[in-house]
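Everything below concerns the one structure shown next.
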Amino acid sequence: MNMCILVGAQIAPNCSLYYWRGSPHEVDFVIERGRKLTAIEVKSGVNSGHTPGLDLFENHFGPCQKIVVGDHGIPLSEFLSYPAEHWLGKST
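Using the numbering used here, read the sequence shown as starting at -11 and increasing by one per residue.
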């Protein structure tokens, strides 16, 4: 199943879900709740600890919550076991 569908299905009505691309990097999911942003990067493989998209996003939009899902962050199974709203206000 597509990860966007899984995360999108868990978003509360007071939140919006986006994708962000800032050449040459990207952020897989951006959750906006009010004026607060949470940037989520899903990583796997050899470079899973490298998250330049999150840093570029924060440089562009200012301080935000950053979450890494995968080998060097929250395990994917744990991330998907909670509604997306659970992760708002937490960082890894």
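C-beta: ideal position from N, C-alpha, C; glycine also. Values in this document were obtained by computation on a predicted structure and should not be read as measured data.
DSSP three-state call for G10: helix, strand or coil?
For the purposes of this step, residue 10 is identified with residue 22 of the sequence shown, where counting begins at 1. DSSP places G10 in strand when its eight states are reduced to three.
When burial is assigned at 16 or more other CB atoms within 10 Å of the CB, is E99 buried or exposed?
Any answer about residue 99 is impossible in this case: the structure gives the chain only from -11 up to 80.
Nearest candidate by alpha-carbon position, reference L64, set L25, A27, K31, G22
Reading the sequence shown from its first residue, position 76 is the one you call residue 64. Closest by alpha carbon: K31.
Mind checking G41: buried by the 16 CB within 10 Å criterion, or exposed?
Taking the sequence shown and counting its residues from 1, one reaches residue 41 at position 53. Buried, since its Cβ has 16 or more Cβ neighbours within 10 Å.
Can you find the residues in the same chain that come closer than 8 Å, C-beta to C-beta, to T39, ignoring five residues on each side of it along the sequence?
Position 51 of the sequence shown, counting from 1, holds the residue named residue 39. Once the five neighbours on either side are set aside, the close Cβ partners of T39 are E29, K31, K54, V56.
Where G58 falls: helix, strand or coil (DSSP)
In the sequence shown, counting from the first residue as 1, residue 58 sits at position 70. Strand at G58.
Give me whichever residues DSSP pairs with R21 in a beta bridge.
For the purposes of this step, residue 21 is taken as the residue at position 33 of the sequence shown. Bridge partners of R21: C3, K24.
Give me the DSSP bridge partner(s) of E29.
Within the sequence shown, numbered from 1, the residue matching residue 29 stands at position 41. Beta-bridge pairing links E29 to V56.
Anticipated Cβ contact below 8 Å, F45 with A27, distance rounded:
Mapped onto the sequence shown, residue 45 falls at position 57. Mapped onto the sequence shown, residue 27 falls at position 39. About 5 Å; that satisfies the 8 Å criterion.
If you draw a straight line from the alpha carbon of N47 to that of G10, how long is it in whole angstroms?
Position 59 of the sequence shown, counting from 1, holds the residue named residue 47. Position 22 of the sequence shown, counting from 1, holds the residue named residue 10. Distance between the alpha carbons of N47 and G10 is about 11 Å.
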